[in-house]
Every structure is written in C-alpha cells, then in structure tokens.
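Heads up: the sequence shown begins at 1018 in this note's numbering, then just goes up one per residue.
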Amino acid sequence: MRTSTLCLALAALAASPASAFAPAAAPAVLFSRLGSSCRVSPLSTPRLRPALGAARLAASGAVVEDNEAKIAQSLALLYRAAETKKEDPDAVCDAMDSLEKTMRQRCRDSEDGAAVQQIFDALNGEWRLVFTTGTADTQKKFGKKVNYFPIKACQSFDTTTMQITNGIYLFDFEALKFFGDFEFNMKSRKVEFDFDAIAVAGLKFNLPKGKAAELGQATGLGSGNNKQLIDKKKKPFFNWISADANVATARGGGGGLALWKRV
C-alpha cells in the first residue's frame, strides 16, 4: 500500500504544472505500476539528435564544397583552352569528363532548379566551337583526342524565341548556315533541335524535314547519329553540361564532347 501511494504521488508530481519549470538538465522519468511495485526509468530523449543533424549538415556542406572546387578547377582549364588553344587535348577531355559529373551533382543538389536555370539563361547568345572529341565512332577510329576545331563554326541560341543557328565560315565569310528551333528540358538539360532552313553564301531556302541531318552526315559537319534519330522520328540533341559568361560544354547525341567559347 505504501509503494502504491508513493507511485501515485510521484505520478502527480510529474504531471503538475510546476514540472514545466524544472531545470533542462533534470532527467525525465517514466512511471509504471507493475503489480505492487513501482518502476522508475529514464525516458528516451532526442537530446543528441541536434548534434547528429549538425554533423550531417557539416558533412553535406563539405561534399558540396568539394564538388564546387572540382567544378572551378575544370572550368579554369577550359577557360585557358578556349583562349589559347594550347592546353593538352587529353587534359581538356578529362576536364570536360569531370565537369560533366560535377555539374550533374550540382544540378541534383539544387532542389529549386536554380542551377539548371542558370545554364539555360547563360546559353543565350553566340558561341564559337573550340574543341570537340567527335562522335563515339570517330573516337574509336582516331582516339579520344580529336583536338581543337580547325575552322570557324558558330552556334547561336535565342532563349526568348527558342531559335538556333549553326554557321560554318571560311575565314570570316559565312559559307553555310542552318536555321531552326530548339527545346530545352529544365530537368535533364537536354537540348533537342531541328533545322528547317539553310543559307548558302547568303542565299536562304527551306529544307525538307531531315535534310539538314543528311547534309551534316554527308559533309562531316554533323553526326551520323542525327540522321538515325530523324529516321526514328526523333530530334538530334545535346546533353548540355554547362554554360556561363565564358564557355559552354555539352555532350552530343553521338557521344562526343564539345567546348564552345562565347563570341
């Protein structure tokens, strides 16, 4: 009877408003009646959870910081390559390979889509092709490094009208220019495009659907994979990697990597 009374007293004390003013360090207790005895045991408490959460946040922050450092390192080399065309081609390929992985992580970490939006916004403008590894088939034939692109080739993207052009120049003379439209997938960063007009030495005329891909394949200016996609009722595409105030990078539908310099 004495034990039962003590249990009730303790339970009442624990439930009283005064307990709300107990020091934070005071251990919480759980009262339970087992037969004629009373057991007092500590309550489980999440006091360590904030510390664990802080540790996880710190670790996550370190991962993000490391990823950003790798992005900066890759871009620094690509900036130099775009300006001088003197960086080792293998190093340029490695930098683009690394950037593809780290940019994928940055976009994945950007829950609000800001990282992808930045790429899309920066894509607007004109770009000169600096370096390309060629398609996967070309890489098998000649090795991974195809080197710096020898002639002037420029692409432009208008992100307001969603129009795209692709021009080939002889010195500064515009010998050939394709015109079309493009779509940008804000989730995958995939740019799908199709050309429906061409200008030869300044004379512009319309192209039948798929003809641009045929011309690209025949002249070597485009990927044979583009023709295959057209035959399957699909559009040629780039998987865009990055774009900023200086350079842009992407992987083509044929598997090759490309580096552009902003004009």
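From the three backbone atoms N, C-alpha and C, an ideal C-beta is built for every residue, glycine too.
With a 10 Å radius around its C-beta and 16 neighbouring C-beta atoms as the bar for buried, classify residue i as buried or exposed.
| i | result |
| --- | --- |
| residue 1194 | buried |
| residue 1270 | buried |
| residue 1029 | Confidence at residue 1029 is low in this model, with a pLDDT of 42, below 50, so the placement of that residue is unreliable and no value is reported for it. |
| residue 1197 | buried |
| residue 1127 | exposed |
| residue 1249 | exposed |
| residue 1147 | buried |
For residue i, which residues from the same chain have a beta carbon less than 7 Å from its beta carbon, with the 5 sequence-adjacent residues on both sides left out?
| i | result |
| --- | --- |
| residue 1217 | 1193 |
| residue 1087 | 1115 and 1119 |
| residue 1259 | 1116, 1120, 1136, 1265 and 1266 |
| residue 1224 | 1212, 1213, 1214 and 1215 |
Along the chain, where does the alpha helix (DSSP H) containing residue i start, and where does it finish?
| i | result |
| --- | --- |
| residue 1177 | Counting along the chain, residue 1177 falls outside any alpha helix (DSSP H), and DSSP gives it neither H nor E. |
| residue 1140 | 1131-1140 |
Could you work out which residue in the options is closest to residue i when comparing CA atoms only?
| i | options | result |
| --- | --- | --- |
| residue 1145 | 1178, 1171 and 1185 | 1171 |
| residue 1100 | 1118, 1165 and 1116 | 1165 |
| residue 1219 | 1176, 1085 and 1191 | 1191 |
| residue 1115 | 1142, 1132 and 1083 | 1083 |
| residue 1199 | 1177, 1184 and 1188 | 1177 |
| residue 1107 | 1122, 1091 and 1121 | 1091 |
| residue 1245 | 1142, 1228, 1223 and 1143 | 1228 |
| residue 1175 | 1184, 1143, 1147 and 1148 | 1143 |
Spatial neighbours of residue i within its chain, please: C-beta separation below 8 Å, excluding the five flanking residues on both sides.
| i | result |
| --- | --- |
| residue 1262 | 1139 and 1279 |
| residue 1133 | 1124, 1127, 1203, 1204 and 1206 |
| residue 1094 | 1104, 1108, 1109 and 1112 |
Would you mind giving the Cβ-Cβ distance between residue i and residue j, rounded to the nearest angstrom? I have them listed as a contact below 8 Å.
| i | j | result |
| --- | --- | --- |
| residue 1204 | residue 1186 | Contact doesn't hold; Cβ gap of about 35 Å is too wide. |
Skipping 5 residues on each side, what residues in its chain have a beta carbon closer than 6 Å to that of residue i?
| i | result |
| --- | --- |
| residue 1052 | Since pLDDT at residue 1052 reaches only 43, below the 50 mark, its modelled position is unreliable, and the value read off the structure follows with that caveat. Excluding sequence neighbours, residue 1052 sits near nothing in its chain. |
| residue 1274 | 1113, 1150 and 1268 |
| residue 1097 | 1104 |
| residue 1209 | 1200, 1252 and 1254 |
| residue 1183 | 1172 and 1195 |
Identify the continuous beta strand (DSSP E) that holds residue i and give its terminal residues.
| i | result |
| --- | --- |
| residue 1121 | Not the beta strand (DSSP E): residue 1121 falls in the alpha helix (DSSP H), residues 1106-1126. |
| residue 1227 | Run containing residue 1227: none; DSSP gives neither H nor E here. |
| residue 1263 | No beta strand (DSSP E) contains residue 1263, which DSSP labels as neither H nor E. |
| residue 1217 | 1207-1217 |
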